[in-house]
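If you're matching them up, the sequences are chains A and B in order.
With the working numbering applied, the first sequence corresponds to residues 1 to 231, in that order.
With the working numbering applied, the second sequence corresponds to residues 1001 to 1231, in that order.
So the structure is just underneath, and the comments pick up after that.
There are 2 protein chains.
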Amino acid sequence: MQPDDVDAIRNLPLFRDCMPETFEALIKISFLQRFPQGVLLISENDPADFLHVVLEGLVEMFGSSGGRETTISFVRPVSTFILAAVLKDQVYLQSARTISRSRILMIPAQAVRQAMQQDKAFMLSIVGELATGYRRVVKELKNQKLRTSSERLANWLLAQGRLSDDGTVRLAMEKRVLASRLGMTPENLSRAFSTLRDLGVRVEGNIIRLEDMEALTDFSQPNPLIDDPLI
Amino acid sequence: MQPDDVDAIRNLPLFRDCMPETFEALIKISFLQRFPQGVLLISENDPADFLHVVLEGLVEMFGSSGGRETTISFVRPVSTFILAAVLKDQVYLQSARTISRSRILMIPAQAVRQAMQQDKAFMLSIVGELATGYRRVVKELKNQKLRTSSERLANWLLAQGRLSDDGTVRLAMEKRVLASRLGMTPENLSRAFSTLRDLGVRVEGNIIRLEDMEALTDFSQPNPLIDDPLI
DNA sequence: CGGTCATTTGACGAGCATCAACCCCTGTGG
DNA sequence: CCACAGGGGTTGATGCTCGTCAAATGACCG
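Spelled out as structure tokens, the structure:
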């Protein structure tokens, strides 16, 4: 593992405040792996053996039932996923696959639970991380139940656009995966983009230009209690 | 507060393992209040001042955005709600109102955070509670995105029916609230019940009799990773 | 007995999924 | 260099699911 990676992990909210010994013990027994695009990392219903940290690339969390499948979230660097299953020593509720070439750190679940017991600061960080994740899913549930698909797309674009300074969104995933994440079909996403063309949304392959933020904002009615990642 | 209540609270997963001093300190500064039906207990976007414990009655958690409103969950006795907001010292993402006459214990948020710092066993219980709540919402998100409204109703009925021994479900809330919880309109819920009549679902006011569990199960395709509350 | 409100039923339309056809890009193999 | 196959994306046609609006029914309560 490169020193840069160690620094990045150490700076995660989850590891920022733990004792040096805790951090080093966890890192020492972890595995850093590179995966090409499209690799299944974990499968729902499998026992949670590892806490995963995405250092580079992009990961899709998804769930399935009754032959249907849906994307729950994207995990971008640098952050962790499936902490809750690891802590409860339970099966995964979601599967995960790489959307692009990725580097993933895998920390044995047992070690995470043990470290939590021995390091109060670490347990405090875990509480914060769980509470944050909890609230993120509640927001997503509101997003799904309270908005139409075009509104979800518009708000997603706005949220991404705010991250970049020039109001341009570069899609890091296939449109059909984005459609699944937004709770719609690929055909419907295509049509939703057409609808938003009147609001200055220009689609050029994987680049989306937002030329009229005001009109888009007016249409999508962003709500901090759904869209603000910091709340 | 009655001794019975104290016992019930003490037996909650959240308080079962904490030190006696922690428990007594929290109880001492808490308020026990009775509320009639239909009272707004907390409002989304308000700062989280109290951790709430439902001792008796029934509480509806709901969210709103853009003039629309949806029920997120029901909170039955004896359990807590909005722990995540309390821990993060943040605003509520959901509102809460009583569905029936209820007795609610309100524990000052600041005291909860302080107790967590001082009692490791209590913090461990908080971790467990948060992880459980987190997973519950993920399951609900899958439920919403992967199932039609009739399937959600059928699975909800099955889950309720398993709790009672005779396969009879007594609705403790108005049907329109159940409809909102299931992500549909009251009209649609009524029609979904009609659809399920062929599967032995008999509606008699607030009593639902499930006369053909096998047919209903076959239709609703229950999935432990969505419907099992223990996972 | 009348009023209020939840629920149900019917009619209609919007939103969305499905199916199929087509375009376009890419990669492969002749 | 070209032909071709495969797959993602788009577009069109169609129908289902579900929401909306309105009216009727029925239960509860003053």
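Backbone N, C-alpha and C define an ideal beta-carbon position, used for all residues, glycine too.
These figures come from a predicted structure and were not determined experimentally.
Looking at the strands, I want to know which residues DSSP matches up with B/Leu956. Examination of residue 956 of chain B is not possible in this model, given that chain B is present from 1001 through 1231 alone.
Coil, strand or helix - A/Thr148 by DSSP: One-based indexing of the first sequence puts residue 148 of chain A at position 148. DSSP places A/Thr148 in coil when its eight states are reduced to three.
If you run the structure through DSSP and keep just helix, strand and coil, what is B/Leu1033? On the second sequence, position 33 is the one that residue 1033 of chain B refers to. According to the sequence provided, residue 1033 of chain B is Gln. The question's Leu does not apply to it. If DSSP states are grouped into helix, strand and coil, B/Gln1033 belongs with the strands.
Would you say A/Met61 faces chain B, with C-beta separation under 7 Å as the test? Start at 1 with the first residue of the first sequence, and residue 61 of chain A comes out as number 61. Cβ-Cβ to chain B under 7 Å: no for A/Met61.
I'd like to confirm the pairing. Which residues does DSSP put opposite B/Thr1132 in its beta bridges? Within the second sequence, numbered from 1, the residue matching residue 1132 of chain B stands at position 132. According to DSSP, which records beta bridges pairwise, B/Thr1132 is partnered with nothing at all.
DSSP has A/Arg10 in a bridge; who is on the other side? Indexing the first sequence from 1 puts residue 10 of chain A at position 10. For A/Arg10, which the question treats as bridged, DSSP gives no partner whatsoever.
Taking its Cβ as the centre, do 16 or more other Cβ atoms sit within 10 Å of A/Asn206, making it buried, or is it exposed? Here the question's residue 206 of chain A lines up with position 206 in the first sequence. The residue in question, A/Asn206, is exposed, as its Cβ has fewer than 16 Cβ neighbours within 10 Å.
Can A/Met123 and A/His52 be called in contact, C-beta distance under 7 Å? Locating residue 123 of chain A in the first sequence gives position 123, counting from the first residue. Locating residue 52 of chain A in the first sequence gives position 52, counting from the first residue. Contact flag unset, no.
So which residues on chain B does A/Gln118 lean against when the C-beta distance must stay under 7 Å? What you label residue 118 of chain A is simply residue 118 of the first sequence in a count that begins at 1. Within chain B, no residue comes near A/Gln118; the closest Cβ sits about 10 Å away, beyond 7 Å.
Reference B/Pro1186; option with closest CA among B/Ser1043, B/Cys1018, B/Leu1093, B/Thr1071: On the second sequence, position 186 is the one that residue 1186 of chain B refers to. For the residues B/Ser1043, B/Cys1018, B/Leu1093, B/Thr1071, the minimum Cα distance to B/Pro1186 belongs to B/Thr1071.
Less than 8 Å between the CB atoms is what I'm expecting for B/Ala1111 and B/Ile1082, so what's the real figure, rounded? Position 111 of the second sequence, counted from the start, is the residue given in the question as residue 1111 of chain B. Position 82 of the second sequence, counted from the start, is the residue given in the question as residue 1082 of chain B. Incorrect: roughly 15 Å between the Cβ atoms, too far for contact.
Of all the residues that make up the stretch 1080-1111 of chain B, which are near chain A by a beta-carbon distance shorter than 8 Å? Leu1083, Ala1084, Ala1085, Leu1087, Lys1088, Gln1090, Val1091, Leu1093, Gln1094
Nearest residue (CA-CA) to B/Asp1227, options B/Val1137, B/Glu1214, B/Ala1192, B/Met1173: Reading the second sequence from its first residue, position 227 is the one you call residue 1227 of chain B. Ranking B/Val1137, B/Glu1214, B/Ala1192, B/Met1173 by Cα distance to B/Asp1227 puts B/Val1137 first.
Mark B/Asp1119 as exposed unless 16 or more other C-beta atoms lie within 10 angstroms of its C-beta, in which case mark it buried. Against the second sequence, residue 1119 of chain B aligns to sequence position 119. Its Cβ being crowded by 16 or more others within 10 Å, B/Asp1119 is buried.
Per DSSP, B/Ile1208 is paired with what? Taking the first residue of the second sequence as 1, we reach residue 1208 of chain B at position 208. According to DSSP, B/Ile1208 bridges with B/Val1169, B/Val1203.
Residues sharing a beta bridge with B/Gly1063, DSSP: Position 63 of the second sequence holds residue 1063 of chain B. Bridge partners of B/Gly1063: B/Thr1070.
Per-residue DSSP class, three states only, for B/Glu1056: Counted from its first residue, the second sequence places residue 1056 of chain B at position 56. Reduced to three states, the DSSP call for B/Glu1056 is strand.
Proximity below 7 Å, CB of A/Val75 to CB of A/Leu55: As a first step, residue 75 of chain A is located in the first sequence; it is residue number 75 there, counting from the start. As a first step, residue 55 of chain A is located in the first sequence; it is residue number 55 there, counting from the start. Cβ atoms of A/Val75 and A/Leu55: not closer than 7 Å.
Out of curiosity, what's the CA-to-CA distance linking A/Pro108 and A/Asp198? Taking the first sequence and counting its residues from 1, one reaches residue 108 of chain A at position 108. Taking the first sequence and counting its residues from 1, one reaches residue 198 of chain A at position 198. One C-alpha to the other measures close to 50 Å.
Closer than 8 Å at the beta carbon, the chain B residues around A/Met123: One-based indexing of the first sequence puts residue 123 of chain A at position 123. Lys1120, Met1123, Leu1124, Val1127, listed in chain order.
Name, please, each residue of chain A whose Cβ falls closer than 8 Å to the Cβ of B/Ile1226. Position 226 of the second sequence, counted from the first residue, corresponds to residue 1226 of chain B. In chain order: Ser65.
Endpoints, the beta strand (DSSP E) within which A/Leu41 is located: Looking up residue 41 of chain A in the first sequence gives position 41. 40-42 is the extent of the beta strand (DSSP E) around A/Leu41.
Assuming A/Asp218 and A/Gly200 make a contact with CB atoms under 8 Å, what is their CB distance in whole Å? The sequence position of residue 218 of chain A within the first sequence is 218, counting from 1. The sequence position of residue 200 of chain A within the first sequence is 200, counting from 1. A/Asp218 to A/Gly200, Cβ: 11 Å. No contact.
Output needed in chain order: residues of the stretch 29-62 of chain A with a Cβ under 8 Å from some Cβ in chain B. Glu44, Asn45
Bridge partners - A/Val91, DSSP secondary structure assignment: In the first sequence, residue 91 of chain A corresponds to position 91, counting from 1. A/Val91 pairs with A/Pro47.
For a cutoff of 7 Å on Cβ pairs, would you count B/Arg1068 as touching chain A? Along the second sequence, read from residue 1 onward, the residue named residue 1068 of chain B stands at position 68. Cβ-Cβ to chain A under 7 Å: yes for B/Arg1068.
Run down chain B in chain order and give the residues with a C-beta less than 7 Å from the C-beta of A/Lys139. Numbered from 1 along the first sequence, position 139 holds the residue referred to as residue 139 of chain A. By Cβ distance, chain B contributes Leu1093.
Limits of the unbroken alpha helix (DSSP H) element including B/Phe1193: Within the second sequence, residue 1193 of chain B is the residue found at index 193, counting from 1. Unbroken alpha helix (DSSP H) run through B/Phe1193: 1186-1197.
Rounding to the nearest angstrom, what Cα-Cα distance links A/Asp4 and A/Arg101 in this structure? The count along the first sequence starts at 1 and reaches residue 4 of chain A at position 4. The count along the first sequence starts at 1 and reaches residue 101 of chain A at position 101. If I take the Cα positions, the gap works out to 18 Å.
Can you have a look at B/Thr1148 and say buried or exposed, based on whether 16 or more other CB atoms are within 10 angstroms of its CB? Within the second sequence, residue 1148 of chain B is the residue found at index 148, counting from 1. When all chains shown are included, B/Thr1148 counts as exposed.
Unbroken alpha helix (DSSP H) run spanning A/Phe219, endpoints: If you number the first sequence from 1, residue 219 of chain A lands on position 219. Where A/Phe219 is concerned, the enclosing alpha helix (DSSP H) stretches over 213-220.
If contacts are defined as beta-carbon pairs under 8 Å, then A/Ser65 and B/Lys1142 qualify, I think. What distance do you get, rounded to the angstrom? As a working note, residue 65 of chain A is residue 65 in the first sequence. As a working note, residue 1142 of chain B is residue 142 in the second sequence. With a Cβ gap of about 6 Å, A/Ser65 and B/Lys1142 count as contacting.
Using a C-beta to C-beta distance shorter than 7 Å, which residues of chain B count as neighbours of A/Lys175? If you number the first sequence from 1, residue 175 of chain A lands on position 175. Neighbours of A/Lys175 on chain B: none; closest Cβ ~18 Å, over 7 Å.
Which residue or residues does DSSP assign as beta-bridge partners of B/Val1075? Position 75 of the second sequence, counted from the start, is the residue given in the question as residue 1075 of chain B. Paired residues: B/Val1059.
Roughly how many whole angstroms lie between the Cα atoms of B/Ser1220 and B/Val1177? For the purposes of this step, residue 1220 of chain B is taken as residue 220 along the second sequence, with counting starting at 1. For the purposes of this step, residue 1177 of chain B is taken as residue 177 along the second sequence, with counting starting at 1. Between B/Ser1220 and B/Val1177, the C-alpha separation is close to 21 Å.
Would you say B/Asn1223 faces chain A, with C-beta separation under 7 Å as the test? In the second sequence, residue 1223 of chain B corresponds to position 223, counting from 1. Output row for B/Asn1223: interface = yes.
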